[in-house]
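J.: If you scroll down you'll find the structure; I have some questions about it.
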Amino acid sequence: MRGGPVAEGEAIVPIIGSLRRLVLAPSLEKVSFAGRGFPVSPSEATERLEAIPQAVVCGFEWGIDPRSQWELERRLALVDAEQRGFAYEGATMACAVLDAMAPRGGHRTRDLLLGPGRPHIFLAYIGIGFAMARLPRVLWRKVAPDLPRDGGYYPEMSWLAVDGYGFDLAYFDTERWIDRQERPAAYAWEGDAGYFPRAVDQGIGRALWFVRGGNPGDVAAAVRAFAAERHADLWAGVGLAATFAGGTGDAGYATLRHEAGDHRTELAQGSVFAVKARHHSGFVPGHTGDAVGRLAGLDVERAVRLADDTAVTGASGGSAPAYERWRQNVQEGLEKARAAD
70 MRGGPVAEGE AIVPIIGSLR RLVLAPSLEK VSFAGRGFPV SPSEATERLE
120 AIPQAVVCGF EWGIDPRSQW ELERRLALVD AEQRGFAYEG ATMACAVLDA
170 MAPRGGHRTR DLLLGPGRPH IFLAYIGIGF AMARLPRVLW RKVAPDLPRD
220 GGYYPEMSWL AVDGYGFDLA YFDTERWIDR QERPAAYAWE GDAGYFPRAV
270 DQGIGRALWF VRGGNPGDVA AAVRAFAAER HADLWAGVGL AATFAGGTGD
320 AGYATLRHEA GDHRTELAQG SVFAVKARHH SGFVPGHTGD AVGRLAGLDV
370 ERAVRLADDT AVTGASGGSA PAYERWRQNV QEGLEKARAA D
């Protein structure tokens with residue numbers, strides 16, 4: 070029989086994890102639209118949108134104090150396929166926080182993503198961004214794990230972590246980042262401080278879809294309130310969120326496309342990236358196919374093929390990040406397809 074000191078030490082571990090959870094994770098009520106004070110009329114559609122940040126919170130709580138990675142993986146596997154990627158966002162956020170806070174770094178995030186998190190790699194990067202919003206910048210260099218360049222890990226998409234950071238800022242402090250439209254100080258993510266504000270704006274655009282409850286007119290008005298030079302990235306974020314998360318119907322997507330005006334291509338590019346992420350996860354809900362049809366004029370198969378055919382690897386030359394060059398390639402492909410129709 071083991072002695073008291075060891076048993077006491079083991080007992081402290083879940084207590085520390087629970088304290089981290091209480092400090093870092095908001096309650097389910099606090100991430101609801103009413104809890105955030107968003108100007109949203111409750112409906113069946115907004116309830117489905119609200120379930121997304123709640124799934125993220127659940128994933129975080131399971132990830133911040135798991136008894137084992139096996140138990141974390143089993144919990145995540147029980148989540149409905151449409152919401153599972155969001156739960157992985159939260160679990161990845163938890164793992165990134167724990168790794169960054171470990172004196173010598175950690176490997177929880179890498180282990181998760183090399184395992185069952187691999188299909189959800191796009192949302193996992195966003196979860197790393199959520200961790201960044203809760204960590205001092207001096208620890209940011211420790212949050213992104215070193216993953217293989219092949220095998221479906223898409224390291225070029227690590228800019229989605231900065232997108233996730235921007236989303237988190239806007240969702241939890243709308244007055245500062247949406248109403249007052251402030252911009253965070255730049256950071257040389259992947260060695261490129263110049264692109265940092267643009268990736269943040271893509272995340273703010275995604276947040277607008279939730280903050281305005283998926284109402285196309287309200288979302289468009291919110292985008293237009295920002296300086297004109299920010300509109301393109303904001304609309305790309307809107308397109309990604311509207312396609313991945315849903316929240317409106319065919320008429321709403323048609324309205325959204327009309328409202329985007331000269332930025333329809335950026336809106337459509339975000340939609341294509343959302344389809345690629347959903348397809349990579351192995352589950353594409355019906356609303357995602359409906360959205361990309363309306364916003365980009367493509368079916369799911371054509372959208373995935375466009376994303377795959379235009380992908381840029383980190384080894385390619387160019388002054389812009391590979392992530393941005395991939396976005397530009399998708400936009401050019403969309404314009405060519407539109408001209409051919």
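So for the sequence shown, my numbering puts the first residue at 70; every next one is plus one. Here a beta-carbon is modelled for each residue, glycine too, at the ideal position from N, C-alpha and C.
Just to confirm, are A114 and T317 a CB contact at a threshold of 8 Å?
T.: For the purposes of this step, residue 114 is identified with residue 45 of the sequence shown, where counting begins at 1. For the purposes of this step, residue 317 is identified with residue 248 of the sequence shown, where counting begins at 1. Yes; because the gap between Cβ atoms is below 8 Å, this pair is in contact.
J.: Please classify W209: is it buried, with 16 or more other beta-carbons within 10 angstroms of its beta-carbon, or exposed?
T.: Looking up residue 209 in the sequence shown gives position 140. It is buried - the Cβ of W209 has at least 16 other Cβ atoms within 10 Å.
J.: If you draw a straight line from the alpha carbon of A408 to that of A314, how long is it in whole angstroms?
T.: Within the sequence shown, residue 408 is the residue found at index 339, counting from 1. Within the sequence shown, residue 314 is the residue found at index 245, counting from 1. Approximately 29 Å between the Cα atoms of the pair.
J.: Can you tell me where the alpha helix (DSSP H) holding E251 begins and where it ends?
T.: By 1-based counting over the sequence shown, the position of residue 251 is 182. First-last for E251: undefined, no H or E at that position.
J.: In this structure, how does DSSP classify L147 when only helix, strand and coil are distinguished?
T.: Counting from one through the sequence shown, the residue named residue 147 turns up at place 78. Coil.
J.: Mind reading off the beta-carbon distance from L204 to A169? Whole number of angstroms is fine, and I expect it under 8 Å.
T.: Residue numbering aside, residue 204 sits at position 135 when the sequence shown is read from its first letter. Residue numbering aside, residue 169 sits at position 100 when the sequence shown is read from its first letter. 5 Å between Cβ atoms; contact.
J.: Could you pull out every unbroken alpha helix (DSSP H) segment of at least 4 residues lying fully inside the stretch 270-348, listed in chain order?
T.: Listed in chain order, they are 285-293, 300-314, 319-329.
J.: Assess contact between the stretch 268-279 and the stretch 221-233, defined as three or more Cβ pairs (one per stretch) separated by less than 8 Å. Is contact present?
T.: With the cut-off at 8 Å, the stretch 268-279 and the stretch 221-233 touch.
J.: By a C-beta neighbour count over all protein chains shown, 10 Å radius and 16 as the cutoff for buried, is R293 buried or exposed?
T.: If you number the sequence shown from 1, residue 293 lands on position 224. Its Cβ having fewer than 16 others within 10 Å, R293 is exposed.
J.: Should the stretch 284-292 be regarded as contacting the stretch 325-332, the criterion being three or more beta carbon pairs within less than 8 Å?
T.: Contact between the stretch 284-292 and the stretch 325-332 is present, because at least three Cβ pairs lie under 8 Å.
J.: Using a 10 Å radius around the Cβ and a threshold of 16 neighbouring Cβ atoms, would you call K405 buried or exposed?
T.: Position 336 of the sequence shown, counted from the first residue, corresponds to residue 405. Classification for K405: exposed.
J.: Would you report the Cα separation of L91 and A297, rounded to the nearest angstrom?
T.: Residue numbering aside, residue 91 sits at position 22 when the sequence shown is read from its first letter. Residue numbering aside, residue 297 sits at position 228 when the sequence shown is read from its first letter. Model confidence at L91 stands at a pLDDT of 42, short of 50, so the residue's coordinates are unreliable; what they give is reported in the following sentence. Spanning the two alpha carbons is a distance of roughly 40 Å.
J.: Can the beta-carbon of F352 be found less than 8 Å from the beta-carbon of A150?
T.: Position 283 of the sequence shown holds residue 352. Position 81 of the sequence shown holds residue 150. For F352 and A150, yes; Cβs fall inside 8 Å.
J.: Does DSSP classify G159 as helix, strand or coil?
T.: Indexing the sequence shown from 1 puts residue 159 at position 90. If DSSP states are grouped into helix, strand and coil, G159 belongs with the helices.
J.: Would you report the Cα separation of R153 and V361, rounded to the nearest angstrom?
T.: Counting from one through the sequence shown, the residue named residue 153 turns up at place 84. Counting from one through the sequence shown, the residue named residue 361 turns up at place 292. Taking the straight line from one Cα to the other gives about 21 Å.
J.: Does the separation of the CB atoms of A291 and L277 fall below 8 Å?
T.: Within the sequence shown, numbered from 1, the residue matching residue 291 stands at position 222. Within the sequence shown, numbered from 1, the residue matching residue 277 stands at position 208. Cβ distance < 8 Å, so A291 and L277 count as in contact.
J.: How long is the line joining the alpha carbons of W139 and G132, rounded to whole angstroms?
T.: Residue mapping note: residue 139 aligns to position 70 of the sequence shown, counting from 1. Residue mapping note: residue 132 aligns to position 63 of the sequence shown, counting from 1. For W139 and G132, the distance between alpha carbons rounds to 11 Å.
J.: So, V126 versus V100, is the Cβ gap smaller than 8 Å?
T.: Position 57 of the sequence shown, counted from the first residue, corresponds to residue 126. Position 31 of the sequence shown, counted from the first residue, corresponds to residue 100. Yes; because the gap between Cβ atoms is below 8 Å, this pair is in contact.
J.: Taking all protein chains shown into account, decide if P122 is buried (16 or more other Cβ within 10 angstroms of its Cβ) or exposed.
T.: By 1-based counting over the sequence shown, the position of residue 122 is 53. The residue in question, P122, is buried, as its Cβ has 16 or more Cβ neighbours within 10 Å.
J.: Below 8 Å between beta carbons: does that hold for V373 and H348?
T.: Counted from its first residue, the sequence shown places residue 373 at position 304. Counted from its first residue, the sequence shown places residue 348 at position 279. Yes. Within cutoff.
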